[in-house]
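Colleague: Read in my numbering, the sequence shown has 269 at position 269, and its numbers run on one by one without any break. We treat Cβ as the ideally placed atom computed from N, Cα and C, and that holds for glycine. Quick caveat: nothing in here was measured; it's all calculated off a predicted structure.
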Amino acid sequence: MASSEPVRGSGSITFSNGQTYPVTKPDKWPTRDPILRLYSLPELDSAGYLNLPDAHIEDIRPYALAAGERDDGSSSSSSDDSLRAPSFESSSGSSDISTWEDTLHPVLRYDRWILSKEDFVSLRPALQLVSCILEEPSITPFFIGLRQDPLPTLENEEAKALFGGQQLYKFEPHINQDPEIYRADQIKIWKFLAKDMGKLVNWRFGRNSNSSYATTSVLTTVPGPIPGKTYGSMISLDNLYLRAIKGEATDEEMPWREDLDTQSMRLRTQFHLASAMLHELAHAVGYATMRRTVKEYQTWNPRPAEPFFQDQRITELGFALTQFIFGGIPVPNGPPKELWCHYGLHMRDFPGPLNMKPRGDKVFQYKTPEDVGVKEDWHYAVTMAYVQKMFTAKFWDHDLRQGDPNSLLRYQRTDYRAWIIKSPPKDTAGESDSRSWSRWMVGSLRDYCARLFQVSR
Ligand SMILES: [Zn+2]
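(1) Shortest alpha-carbon distance to ARG410 belongs to which of LYS394, VAL387 and ALA159?
(2) Thinking C-alpha only, which one of PRO358, HIS379 and GLY373 is nearest ARG348?
(3) Could you say if the stretch 324–340 and the stretch 359–368 meet the contact criterion of at least three C-beta pairs nearer than 8 Å?
(4) Where DSSP assigns a beta bridge to MET347, which residues make up the other side?
(5) Under 8 Å by Cβ, that's how I've got GLN186 and PRO137 pegged, so tell me the actual separation to the nearest angstrom.
(6) Going by beta-carbon coordinates alone, are ARG61 and TRP203 separated by less than 8 Å?
(7) For the stretch 126–207, list the alpha helix (DSSP H) runs that are entirely contained and at least 4 residues long, ordered along the chain.
(8) For my contact list, GLY206 and SER236 are in at a C-beta cut-off of 8 Å; report their separation, rounded to the angstrom.
(9) On the DSSP bridge list, what partners appear for VAL218?
(10) Buried or exposed: which applies to VAL130, given that a residue is buried once 16 or more other Cβ atoms fall within 10 Å of its Cβ?
(11) For VAL294, is the classification buried or exposed, using 16 other Cβ atoms within 10 angstroms of its Cβ as the cut-off for buried?
(12) Would you identify the three-state DSSP class for PHE271, choosing helix, strand or coil?
(13) Take LEU317 as the anchor and find which of LEU278, ALA161, SER209 and THR392 has the nearest alpha-carbon.
(14) Could you have a look at ASP433 and say whether DSSP puts it in helix, strand or coil?
(15) So for ARG243, helix, strand or coil by DSSP?
(16) Within the structure, which residues are defined as neighbours of ligand 1 by a Cβ-heavy atom distance below 6 Å, reported in chain order?
(17) Excluding the 5 residues preceding and the 5 following GLY247 in the sequence, name in chain order all residues of the same chain whose CB lies nearer than 6 Å to its CB.
(18) Does the Cβ of GLN270 have 16 or more other Cβ atoms within 10 Å, making it buried, or fewer, making it exposed?
(19) Buried or exposed: where does ALA67 fall if 16 or more other Cβ atoms within 10 Å of its Cβ makes it buried?
(20) Would DSSP call TRP113 helix, strand or coil?
(21) With DSSP run on the structure shown, which of helix, strand or coil describes PRO34?
(22) Which partner residues of HIS314 appear in the DSSP bridge assignment?
(23) So is SER79 buried or exposed if we call it buried at 16+ other beta carbons inside 10 Å?
(24) Can you check whether the CB of LEU339 is closer than 8 Å to the CB of HIS272?
(25) Consult DSSP for ALA55 and reduce its assignment to one of helix, strand or coil.
(26) Have a look at THR220 and ASP371 and give me their C-alpha separation to the nearest angstrom.
(27) Excluding the 5 residues preceding and the 5 following ILE35 in the sequence, name in chain order all residues of the same chain whose CB lies nearer than 6 Å to its CB.
(28) With a CB to CB cut of under 7 Å and the five nearest residues on each side skipped, what residues in its chain are close to PHE142?
(29) Quickly, what does DSSP pair ARG61 with across the bridge? List them, please.
(30) Need the endpoints of the alpha helix (DSSP H) that ASP45 sits in, please.
(31) Between the alpha carbons of PHE364 and ILE314, how many angstroms are there, rounded?
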């Protein structure tokens, strides 16, 4: 009888075609990943989740180039082919960024980075994707809502007490019913993101803790639009992204190198990096808009809380934004921080059953998943077609202009999915998310037991 204990990889993996492959480093085998436990790599591959035969990256650029620099909101660039760099491939690899840097959103340009030009060039696909998304009109309601002044307050005494008595705020995606006012709101946001945020955000790569892809710190020495109350930020992305993109993974980190298409993997890594950058940018916008004094940042415990988005019980602007854009949180299949994205990606809902208990001086949630009756966490495998389209000019120049941007940007839930049931509640205060997640049991609507043991012992 199959048990629900995690399967431990200890030497080999048998695929559904009967072939057995050695695992170079058993403790790296993602035994806890429900998608990988339920579906073999060949099965995921044949269903279009891993190796795309013609995986490629095109030169894409924002719908309306440098929106913050134009006043009338007209789109000037996407129809002008003369502004296009010759092709992505021809200019990648060269450290000459002058031919394409001005196609990036100002918040992403080279002067915002502590990074070599060579490394900056390698990030170009992710930089262009983030630029496109920041100027995508369907995204602006999130930022318009976040910049409402004043923000609606969250009136919940229990929550206030939990957050040290501070006033809590909330916001909704905001669309003014008057098209002219809404248009003006949009232009204000594009200008804010380009002109204000373009001076406030700094980027670098560094080593992050085991559970985080990236972090954003407030720079209280850098004044934001309201001096003394708003600030700049330093965003630190995990070094692993850079090593993955530059192909510096070791054999141990890539046990199935020959079976996986490198170009498809890089596409996924660039996509995941773009999602991490958007996540951190949301925190940076928080620091540039929340009105808190330096003293409050230095002395408050818990720290000043970000506004709550919609009816989410967790305050986390980063996840709130990526959920809003993509319809889920993109996560690499496999072990934590598998930023090479060897084994594909899946999406999870935020907040879902995520339990974000207080850590240090941080508080995130004011209700637990149990409080709101959430017990299951669905993981949906992300098709390569979805990832690929994000890096094609046709998607940004044509498809998105013809169809409903929301449904085109958001991934489609697929049959390749798995759910996790949370284990009985236990006091886990202070425990990291990844540890409490590891206690969850894995299940699936499909033939769970049979598939589980395709991962051999
Ligand atoms: Zn975050």
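Modeller: Answer, in terms of the structure:
(1) On the sequence shown, residue 410 is found 410 positions in, with the first residue counted as 1. Checking every option, the nearest Cα to that of ARG410 belongs to VAL387.
(2) Position 348 of the sequence shown, counted from the first residue, corresponds to residue 348. Residue HIS379 is the option with its Cα nearest to ARG348.
(3) Cβ pair count under 8 Å is below three, so no.
(4) As a working note, residue 347 is residue 347 in the sequence shown. Residue pairing by DSSP places MET347 opposite PRO330 and TYR380 in a beta bridge.
(5) On the sequence shown, residue 186 is found 186 positions in, with the first residue counted as 1. On the sequence shown, residue 137 is found 137 positions in, with the first residue counted as 1. With 8 Å as the limit, GLN186 and PRO137 qualify as a contact, their Cβ atoms being about 6 Å apart.
(6) Walking along the sequence shown from the start, residue 61 turns up at place 61. Walking along the sequence shown from the start, residue 203 turns up at place 203. Between ARG61 and TRP203, the CB-CB gap reaches or exceeds 8 Å.
(7) Here the runs fully enclosed are 140–146, 157–162, 179–191 and 197–200.
(8) On the sequence shown, residue 206 is found 206 positions in, with the first residue counted as 1. On the sequence shown, residue 236 is found 236 positions in, with the first residue counted as 1. Sure, about 4 Å apart at Cβ, within 8 Å.
(9) The sequence position of residue 218 within the sequence shown is 218, counting from 1. According to DSSP, which records beta bridges pairwise, VAL218 is partnered with SER233.
(10) What you label residue 130 is simply residue 130 of the sequence shown in a count that begins at 1. Burial call: buried.
(11) For the purposes of this step, residue 294 is taken as the residue at position 294 of the sequence shown. Exposed.
(12) Reading the sequence shown from its first residue, position 271 is the one you call residue 271. Residue state, collapsed to three classes: helix.
(13) Walking along the sequence shown from the start, residue 317 turns up at place 317. Distance check between LEU317 and each of LEU278, ALA161, SER209 and THR392 places LEU278 closest, using alpha-carbon atoms only.
(14) Translated into the one-based positions of the sequence shown, residue 433 becomes position 433. Low local confidence applies: a pLDDT of 41 at ASP433 is under 50, so the model's placement there is unreliable, with the coordinate-based value given in what follows. Correct three-state label for ASP433: helix.
(15) As a position in the sequence shown, residue 243 is number 243, starting the count at 1. Looking at ARG243 - three-state DSSP - the assignment turns out to be helix.
(16) Working through the chain, the matches are HIS279, HIS283, GLU316 and GLY318.
(17) The count along the sequence shown starts at 1 and reaches residue 247 at position 247. No residues qualify anywhere along the chain.
(18) Your numbering for residue 270 matches position 270 in the sequence shown. Classification of GLN270: buried, given that the 10 Å Cβ count is 16 or more.
(19) Residue mapping note: residue 67 aligns to position 67 of the sequence shown, counting from 1. Here ALA67 scores only 44 on pLDDT, less than 50, and its place in the model should not be relied on; the value that follows carries that caveat. The residue in question, ALA67, is buried, as its Cβ has 16 or more Cβ neighbours within 10 Å.
(20) In the sequence shown, counting from the first residue as 1, residue 113 sits at position 113. Of the three classes helix, strand and coil, the one that applies to TRP113 here is strand, per DSSP.
(21) Numbered from 1 along the sequence shown, position 34 holds the residue referred to as residue 34. Note: PRO34 maps to helix in three-state DSSP.
(22) Numbered from its first residue, the sequence shown carries residue 314 at position 314. Checking the sequence shown, residue 314 turns out to be Ile, not His. DSSP, once it has assigned bridges, lists GLN365 as partnering ILE314.
(23) Working through the sequence shown from its first residue, we reach residue 79 at position 79. Interpretation of SER79 is limited by its pLDDT of 39, a score under 50 that renders its predicted location unreliable; no figure is taken from the coordinates.
(24) On the sequence shown, position 272 is the one that residue 272 refers to. On the sequence shown, position 339 is the one that residue 339 refers to. Yes.
(25) Translated into positions along the sequence shown, residue 55 becomes position 55. The answer is coil: DSSP assigns ALA55 none of H, G, I, E or B.
(26) If you number the sequence shown from 1, residue 220 lands on position 220. If you number the sequence shown from 1, residue 371 lands on position 371. When rounded, the distance between both Cα atoms is 36 Å.
(27) Against the sequence shown, residue 35 aligns to sequence position 35. Contacts found: ASN333, HIS346, HIS379, ALA381 and ALA418.
(28) In the sequence shown, counting from the first residue as 1, residue 142 sits at position 142. PRO173, LEU321 and PHE324, listed in sequence order.
(29) Position 61 of the sequence shown, counted from the first residue, corresponds to residue 61. Beta-bridge partners assigned by DSSP to ARG61: none are found.
(30) Numbered from 1 along the sequence shown, position 45 holds the residue referred to as residue 45. 41–46 is the span of the alpha helix (DSSP H), which, as asked, contains ASP45.
(31) What you label residue 364 is simply residue 364 of the sequence shown in a count that begins at 1. What you label residue 314 is simply residue 314 of the sequence shown in a count that begins at 1. Going from the Cα of PHE364 to the Cα of ILE314 covers about 5 Å.
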